[in-house]
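In my numbering, the protein residues as written are 143 to 1026.
Here the structure comes first, spelled out in structure tokens, and everything after it is commentary.
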Amino acid sequence: MSLEKLSVSQRLFRLLLRVLPLEFRTEFGGEMEDLFRAQRAGVAREGGAIGMLRLWWDTIVGIFTTAPREHLAILRQDVGYALRMMRANLGYTIIAVTTLALGIGANTALYSVIHAVLLKPLPYRQGDQLVVLRQQAPKLGEMNVPFSVTEIKDYREQNSSLGGLVEYHTMTFTLLGHGEARRVRTGVVSAEFFDLFGVRPILGRTFVPADDQPGAPAVLELSFEYWQKFLGGDPGIIGKTFEMNDRVHTVIGVLPPVPQYPNENDVYMPTSACPFRSSPQMIAGRDHRMMRAFGRLKQDATLEQSRADLGTIASRLRKEYPQYYPESTGYTAVSIPLQQELTRQAQPALIVLLAASCFVLLIACANVANLTLSRMARRERELMIRSALGANRSRLFRQLVTESLLMALLAGALGLLFASGCLDLLIEFVARLTPRAREIRVDGSVLLFTLLAALGTSLIFGSISAFQRQEDMSSGLKEGGGQATTGRKGSRVRNLLIVGQVAFSIILLIGAGLMTRSLIKLQSVDPGFVAEHVLTMAVDLNWSKYKTGPQSLDFSRRFLEKVRNEPGVVSVAISSSFPLDPDTFASGPSTRRFQVEGRPLKKGELGPESSVRAASPDYFKALGIPLLSGRAFSEADDGEAPLVALASRSMVRRHWGSEDPLNKKISFDAGKTWLAIVGIVGDVKEFGLDKPAGDCVYVPIAQNPSVGSVLVRTNEDPMSLAGQVRRTIRDLDPEIAVTNVESLEQARSDTLTPARVMTDLLALFALLALLISATGIGGILALSVSQRVHEIGVRMALGARSVDVLRLIVGRGMVLVLLGAGLGLSAALALTDLLRSLLYEVTPTDPLTFSLAAGVIGGAALIACYLPARRATGIDPLVALRHE
143 MSLEKLSVSQ RLFRLLLRVL PLEFRTEFGG EMEDLFRAQR AGVAREGGAI
193 GMLRLWWDTI VGIFTTAPRE HLAILRQDVG YALRMMRANL GYTIIAVTTL
243 ALGIGANTAL YSVIHAVLLK PLPYRQGDQL VVLRQQAPKL GEMNVPFSVT
293 EIKDYREQNS SLGGLVEYHT MTFTLLGHGE ARRVRTGVVS AEFFDLFGVR
343 PILGRTFVPA DDQPGAPAVL ELSFEYWQKF LGGDPGIIGK TFEMNDRVHT
393 VIGVLPPVPQ YPNENDVYMP TSACPFRSSP QMIAGRDHRM MRAFGRLKQD
443 ATLEQSRADL GTIASRLRKE YPQYYPESTG YTAVSIPLQQ ELTRQAQPAL
493 IVLLAASCFV LLIACANVAN LTLSRMARRE RELMIRSALG ANRSRLFRQL
543 VTESLLMALL AGALGLLFAS GCLDLLIEFV ARLTPRAREI RVDGSVLLFT
593 LLAALGTSLI FGSISAFQRQ EDMSSGLKEG GGQATTGRKG SRVRNLLIVG
643 QVAFSIILLI GAGLMTRSLI KLQSVDPGFV AEHVLTMAVD LNWSKYKTGP
693 QSLDFSRRFL EKVRNEPGVV SVAISSSFPL DPDTFASGPS TRRFQVEGRP
743 LKKGELGPES SVRAASPDYF KALGIPLLSG RAFSEADDGE APLVALASRS
793 MVRRHWGSED PLNKKISFDA GKTWLAIVGI VGDVKEFGLD KPAGDCVYVP
843 IAQNPSVGSV LVRTNEDPMS LAGQVRRTIR DLDPEIAVTN VESLEQARSD
893 TLTPARVMTD LLALFALLAL LISATGIGGI LALSVSQRVH EIGVRMALGA
943 RSVDVLRLIV GRGMVLVLLG AGLGLSAALA LTDLLRSLLY EVTPTDPLTF
993 SLAAGVIGGA ALIACYLPAR RATGIDPLVA LRHE
């Protein structure tokens, strides 16, 4: 430290001392003035980091210069003696091992997640060369525009930096042939898709170019999970057939259990087998966009080269097809590493949790170091005698570190068990953020981390306590012994450890408090609908059987008539989807562009966007969505009636302002047909409680047949009707697949699971830190009281009241707490900004949270200080003086 910085530090500390009571000013001021005086004079001391390193060097040299046989004998002696000491001090051993086990276990669990998600290479061939292609329209705020068939063809043929480019999209179909009809999420991919990723099947083969030719026999690739869960892991599955889309599909392979991006699918089919992707309109339509694209960099190509390459192609397309890529969009294309995409959502949360677990481990180490220093007070006589009998400093140091190492290894083993028990919760949490969650497991890397964590913690708390005891013992021998621990040097180390524990604890408390406040706000959000007593389920009509609108409408009519009359049913509706639908929640809104009558678009101008939902007349009643003006749908709004629509309040405000929108018209097909707005309904948070309600247009299902979901409002537990509703659907058509059967209240709760688990984990870390710190403060003050019995007896003999002693002891502890709280609050102002992306309507510097955290740590510390202080007031002055 430079003289200038030392002078500033000294002035700041003296300024702080002015606000402390006289007795604390004298005690803490004396300690710090000694430190400043030694540093300013440049006194060479054996203490500090240099002394620690020197002692470690002497110990290591002693180990390597000792004969192996003698070394093993010493090691056996050290281990045996350490085990006897641990057994003799069982209470201390249990507390220390448990404290360290919690810290090591938390870090082991988080490391297993971070290693699998962020650090491990992708489980694909040369995964660092895989990229995701994205079309972007930055001037419109659209950063992930899907590809059309023709656009994929252009980028595949014109790029020079990618060694392969494949397409992907996902759809749901009904699979028949083995038991009841099943709804399967199907990945529709290019024939080279799995070759690009380097994925080899565990059974059969993957697709070949011949499978992707028009008219080729329909084939299926099964995911590992679907094969295991629904087909029982049948080893003879290759060659078996299923019926889907009115075609027979033959199983040709089973994929290994690898992460599937961007969606987890049940089965895969080549593009030629998808009835929508292979249609002439989709193949020819440049603006019929529904695909994603993936590529692999050539061996000599870089990411920057591929981005420049794609940008050049995008510029060429803008010039050749200005009607599809108007300048007003800023159209371009970029490539993004697949590794980055797979971890983008999970990374912020995992970094926060890792920091929290590290804080807990540091607090645990500091607490155990303090406990060890306290216990050493009883062993000073033993260590002094051993030193007098010839044991040098490094020999005693080695013995004490061996004891610390054994406890840390035992704590590491317990921590590993703790981490293994927590993995299921973490996997469930991470699975909502990244497909790589399936790779999380306790493997060799995690075992090595646990071992290193145990060794590291033993070095931290063992070295601090052992080295400090060497210094205290040395001074005790020079002075005639027995009171080494009362020296300023020993108390300074313990005080610094307490300050550090409090600082880390308050950071964790603030983080947990911010997440808790954010979760409370999320739970109190009005979603725009009433979730209680609503049963939801996904209904997939067999596409090959229900090819026309009238067929779908006939099923809808018969279903509504049957269920409407069931006991306990208040209302029932069919829709294309519903708010917080698990199938659409993760993917986000799917919007369509529209045009407002009387507002023609300029050349190159794109119309506004809105999500569109088809719904039966009782949809709004079933969900409790309020009708604000106009009318709702009726049975008269059928295919023969004029086309009508309902608009959400946000859409009305955005496009009509204060103007009455009723009977205004909009078009989704460039003016070919127009829909009259006949009503306005409330806004609904469709895709997350933390996201704003988007614009939405509702159309009658009788005019836009699109059966996807069933909603039943009941006057009892909605799940009690689930079986009856499913039987009704099977009675109507056994080839209809029914999935995602749950209450809307449960669907709403599920959307909060990531925030809830994150809050619970941070709260758990904060509680552990608070308990460890409070016990540490109480333990240090108890030690201080036991060492100051004579001083307290003298004070009371000279007339000090119990309240004076109480104020002295409590004040000593609370000064340390105040110093730690000040450091912690300062650090939290900078560190809590990491939580910004995880918070909802709460700022990272929320004053209420900071105040509550300071109050909690202050209250816990006050209780921890009061208990030993209360015992101190019970000291009999005569007994204390006679004992001394």
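All C-beta atoms, glycine included, are put in the ideal place defined by N, C-alpha and C.
By Cβ distance, which residues of its chain are closer than 7 Å to residue i, with the 5 residues on each side in sequence left out?
i, result
"F671", "P721, L765, G766, I767, V826"
"P986", "L656, T974, D975, L977, R978"
"R796", "D837"
"T576", "V259, L484, T485, Q487, A488"
"L304", "G437, R438, L439, K440, S448"
"A778", "none"
"G821", "L769, S771, G772, R773, A774, L788"
"L552", "V239"
Just reading off the beta strand (DSSP E) that residue i is part of, what are its end residues?
i, result
"D682", "676-682"
"M433", "First-last for M433: undefined, no H or E at that position."
"G821", "817-823"
"Q277", "272-279"
"P1028", "Given that the chain is displayed from residue 143 to residue 1026, the structure contains no residue 1028 and the question cannot be resolved."
"P784", "No beta strand (DSSP E) contains P784, which DSSP labels as neither H nor E."
"T881", "879-885"
"V852", "851-856"
"T985", "Note, T985: premise wrong, no beta strand (DSSP E); not H, not E."
"Y840", "838-842"
"M285", "284-287"
Grab me the residues of residue i's own chain with a C-beta within less than 6 Å of its C-beta, minus the 5 sequence neighbours each way, in chain order.
i, result
"L177", "For L177, the pLDDT reaches just 47, beneath the cut-off of 50, and the residue's location in the model is therefore unreliable, leaving the point undetermined."
"A1011", "L948, I951, V952"
"L548", "A224"
"A673", "L886, E887, R890"
"V185", "Only weak support is given to the placement of V185: the predicted model assigns it a pLDDT of 39, under 50, and the value that follows is read from those uncertain coordinates. Hits under 6 Å: none found."
"P724", "N882"
Over the uninterrupted alpha helix (DSSP H) stretch that includes residue i, give me the two end residues.
i, result
"T991", "989-1014"
"I256", "232-256"
"V714", "No alpha helix (DSSP H) contains V714, which is instead part of the beta strand (DSSP E) from 711-717."
"M424", "422-426"
"V867", "864-874"
Around the C-beta of residue i, are 16 or more other C-beta atoms found within 10 angstroms, so that it is buried, or is it exposed?
i, result
"S968", "exposed"
"E1044", "In the structure as shown, the chain begins at 143 and stops at 1026. Residue 1044 is therefore absent and cannot be evaluated."
"R583", "exposed"
"V823", "buried"
"Q300", "exposed"
"G623", "Below a pLDDT of 50, predicted positions are generally treated as unreliable, and G623, at 44, falls in that range; the measurement from the model is reported next regardless. Flag for G623 reads exposed."
"Q355", "exposed"
"K814", "exposed"
"V959", "buried"
"V150", "Its pLDDT being 47, under 50, V150 is placed unreliably by the model, and the measurement read from it follows with that caveat. The residue in question, V150, is exposed, as its Cβ has fewer than 16 Cβ neighbours within 10 Å."
"I871", "buried"
"T690", "exposed"
"T328", "buried"
"D220", "buried"
"R755", "buried"
Leaving out the 5 sequence neighbours to the left and right, which residues in its chain are closer than 8 Å to residue i when beta-carbon positions are compared?
i, result
"P265", "V400, P401, E581"
request  = May I ask you to verify whether the stretch 780-800 touches the stretch 831-843, counting CB pairs closer than 8 Å and requiring at least 3?
outcome  = At 8 Å Cβ cutoff, the stretches touch.
ask   = Touching or not, the stretch 253-265 and the stretch 442-452, by the rule of three or more beta carbon pairs under 8 Å?
value = As far as the Cβ criterion goes, the stretch 253-265 does not touch the stretch 442-452, which means the pair count is below three.
inquiry  = When you compare the stretch 458-476 with the stretch 566-583, are there three or more beta-carbon pairs, one atom per stretch, that lie closer than 8 Å?
reply    = By the Cβ criterion, the stretch 458-476 is not in contact with the stretch 566-583, since fewer than three pairs of Cβ atoms, one from each stretch, lie closer than 8 Å.
key: Given 8 Å, three or more beta-carbon pairs between the stretch 847-855 and the stretch 294-312   = With a cut-off of 8 Å, the stretch 294-312 and the stretch 847-855 do not count as touching, because too few Cβ pairs lie within range.
task = Run through the stretch 316-396 for me and flag every whole beta strand (DSSP E) of 3 or more residues, listed as ranges in chain order.
result = As far as the stretch 316-396 is concerned, its whole beta strand (DSSP E) runs of at least 3 residues are 324-331, 361-364, 383-386, 389-396.
ask   = Between the stretch 390-397 and the stretch 351-363, are three or more C-beta pairs nearer than 8 Å?
value = Contact between the stretch 390-397 and the stretch 351-363 is present, because at least three Cβ pairs lie under 8 Å.
message = Count Cβ pairs between the stretch 450-464 and the stretch 324-334 that sit closer than 8 Å; are there 3 or more?
response = When C-beta atoms of the stretch 450-464 are compared with those of the stretch 324-334, fewer than three pairs fall below 8 Å, so the two segments do not count as touching.
request  = Specify whether the stretch 939-959 and the stretch 908-924 touch according to this definition: at least 3 beta carbon pairs, one from each stretch, less than 8 Å apart.
outcome  = The answer is yes - the stretch 908-924 touches the stretch 939-959, with three or more Cβ pairs under 8 Å.
query = Can at least three beta-carbon pairs, one atom from the stretch 939-946 and one from the stretch 538-558, be found at a separation below 8 Å?
reply = In the pairwise beta carbon analysis, the stretch 939-946 is classified as not touching the stretch 538-558: fewer than three pairs are separated by under 8 Å.
task = Assess, as a yes-or-no matter, whether the stretch 740-760 is touched by the stretch 888-906 under the definition of 3 or more beta carbon pairs within less than 8 Å.
result = The stretch 888-906, when compared against the stretch 740-760, does not touch it at the 8 Å Cβ threshold.
task = Quick one: which unbroken alpha helix (DSSP H) runs of 4-plus residues sit fully inside the stretch 445-496? Chain order, please.
result = Residue ranges of uninterrupted alpha helix (DSSP H) with 4 or more members, entirely inside the stretch 445-496 and ordered along the chain, are 445-462, 480-485.
query = Just checking, does the stretch 639-646 make contact with the stretch 490-509 on the three C-beta pairs under 8 Å criterion?
reply = Under the Cβ criterion (8 Å, minimum of three pairs), the stretch 639-646 counts as touching the stretch 490-509.
At least three beta-carbon pairs within less than 8 Å, the stretch 679-690 to the stretch 876-883 = Taking 8 Å as the limit for Cβ pairs, the verdict is that the stretch 876-883 does touch the stretch 679-690.
message = Measuring CB atoms only, is the stretch 377-393 touching the stretch 407-427, in the sense that at least three cross pairs come out at less than 8 Å?
response = Between the stretch 377-393 and the stretch 407-427 there are three or more inter-stretch CB-CB distances shorter than 8 Å, so the stretches are counted as touching.
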